[in-house]
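S.K.:
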Amino acid sequence: MQSQDYKKRLKLQLIIILSIAVMSCGVPSVPTALSSLLERESIRVGTVYGAGTFYNGAEGPQGFEYELLAGFADYLGVTLDLYPFYSYEVMLGQLEEGNLDIVATGDAVTPSLKSRFAYGPAYQHVQQE
């Protein structure tokens, strides 16, 4: 009888030890885009030059997109590294190559672009009349 109790306790202890060992192994964490930019302490953003989006004014960088981006960087507690482009396609190429974290342009979402990039929520809706 004692031998059976001993075997049961031994099995239970072995199961507990193996369970703890398996749980402690875990999956190594994969850095996310957010964790990468937080570690870098900056967000690299591409935008296009334009009066409504971004321009260098008398008091420095200005424009609607710039104000949104500066607020977002401040919210994240990182510096804003803004890269203005004249060419939309060149900017998107830089995003695809990983040289930018995000782009902010206020452009329309097309099926072609939606198949290439992940979009955040829209902050403005415009309809053609």
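Residue numbering for the sequence shown follows UniProt numbering, starting at 1 and increasing by one per position. Quick reminder that beta carbons are idealized off the backbone N, C-alpha and C, glycines included.
#1: Can you grab the Cα-Cα spacing for the pair Ser36 / Thr79, in whole Å?
#2: Taking DSSP as the reference, what is the three-state secondary structure of Leu100?
#3: Near Leu82, which residues of its chain fall below 6 Å by C-beta distance, leaving aside the five closest residues on each side in sequence?
#4: Expressed to the nearest angstrom, what Euclidean distance is found between the alpha-carbon atoms of Gly98 and Lys11?
#5: Excluding five sequence neighbours on each side, which residues of the same chain lie with their C-beta closer than 6 Å to the C-beta of Asp74?
#6: Checking 8 Å against the spacing of the C-beta atoms, do Leu92 and Val109 come in under that value?
#7: Looking at the structure shown, is Ser112 part of a helix, part of a strand, or coil, going by DSSP?
M.R.: In terms of the structure at hand:
#1: 13 Å
#2: coil
#3: Val45
#4: 52 Å
#5: none
#6: no
#7: helix
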